[in-house]
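Q:
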Amino acid sequence: MIFFFDLDGTILDTSKRYYLIYYNIIKELGGSPLTKKVYWNCKSNKVSEYEIAMRSHLPQSLFNEYNHCRINLIESDKYLKFDTVWPELFDFIPSSKIFRKIMLVTLRKKRQQLINQLENLGISDWFENIISVVNNGVNCERHLLKVDSILKIYPNNLSGIFVGDTETDMRAG
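Numbering-wise, our numbering puts 138 at position 119 of the sequence shown, and it's gapless, one number per residue.
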């Protein structure tokens with residue numbers, strides 16, 4: 020059996036990174052940032068980035084600039100340093116006998132920043148393979164194609180479990 024793990028949210032707590040990016044851009048553009056609790060409540064309830072920006076009193080005319088900045092910063096070294104590994108995983112994954120083949124599947128686009136982050140966090144050796152999307156399309160079909168290609172490499176393990184935290188992860192699984 021092969022285990023496929025999503026990274027952001029599943030292995031890493033990314034809440035500080037996402038909130039700091041949002042907070043800093045909103046402040047820079049003259050809005051009034053929501054509290055971290057309110058921001059994450061919005062995210063949990065699938066409130067759009069546009070609506071979050073409007074609730075933060077960002078002028079509508081500045082939303083495209085906000086979104087452009089957010090996309091450019093989301094995988095930057097400046098903010099990746101705020102991610103942390105969920106503490107329970109350090110006890111669970113390395114010592115678990117069931118996790119012999121673990122593949123990391125992520126929609127991250129900047130592969131070198133991804134590799135550097137995994138090494139800096141001390142978890143790069145957890146994964147037999149790191150599958151990342153390095154082009155612009157973001158959808159579950161890309162996850163699925165990548166996962167399917169890995170399963171074909173291991174003909175004796177034609178089954179796998181996908182561990183993730185989003186609808187995209189569930190559809191890919």
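Every residue gets a Cβ at the ideal spot worked out from N, C-alpha and C, and that includes glycine. Values in this document were obtained by computation on a predicted structure and should not be read as measured data.
1. With a threshold of 7 Å on Cβ separation, who are the neighbours of Q132 within its own chain once the five nearest residues in sequence on each side are excluded?
2. Might you give, ordered along the chain, the residues of its own chain that have their beta carbon closer than 6 Å to the beta carbon of V157, omitting 5 neighbours on each side?
3. Going by DSSP in three states, N135 sits in which element: helix, strand or coil?
4. State the beta-bridge partners of L123 as determined by DSSP.
5. Give every residue of the same chain whose Cβ lies closer than 6 Å to the Cβ of T185, excluding the five residues on either side of it in the sequence, and list them in chain order.
6. Since S75 and I45 are thought to touch, with beta carbons under 8 Å apart, how far apart are those beta carbons, to the nearest angstrom?
7. Are the segment 45-62 and the segment 77-90 in contact at 8 Å, needing three or more beta carbon pairs?
8. Applying the criterion that 16 or more other CB atoms from any shown protein chain within 10 Å of the CB defines a buried residue, is D102 buried or exposed?
9. Which ranges would you report for the alpha helix (DSSP H) in the segment 38-85 if only whole runs of at least 4 residues count?
10. Keeping to the same chain, check which residues put their C-beta closer than 8 Å to that of I134; ignore five residues upstream and five downstream.
11. By how many angstroms is the C-alpha of T54 removed from the C-alpha of P113?
A: According to the structure data:
1. Walking along the sequence shown from the start, residue 132 turns up at place 113. Answer for Q132: E94, D96, L99, listed in chain order.
2. As a working mapping, residue 157 is identified with position 138 in the sequence shown. Since pLDDT at V157 reaches only 46, below the 50 mark, its modelled position is unreliable, and no value is offered.
3. Here residue 135 corresponds to residue number 116 of the sequence shown, with the count starting at 1. In this structure, N135 counts as helix in the three-state DSSP scheme.
4. Numbered from 1 along the sequence shown, position 104 holds the residue referred to as residue 123. L123 pairs with F24, I149.
5. Here residue 185 refers to the residue found at position 166 when the sequence shown is read from its first residue. Excluding sequence neighbours, T185 sits near nothing in its chain.
6. In the sequence shown, residue 75 corresponds to position 56, counting from 1. In the sequence shown, residue 45 corresponds to position 26, counting from 1. The Cβ separation is near 5 Å, so the contact holds.
7. yes
8. Taking the sequence shown and counting its residues from 1, the one referred to as residue 102 is at position 83. That one is buried.
9. 55-63, 68-74
10. Translated into the one-based positions of the sequence shown, residue 134 becomes position 115. If we look at I134 and ignore the five residues flanking it on each side, its Cβ neighbours are S143, I149.
11. The count along the sequence shown starts at 1 and reaches residue 113 at position 94. The count along the sequence shown starts at 1 and reaches residue 54 at position 35. Their Cα atoms are separated by approximately 36 Å.
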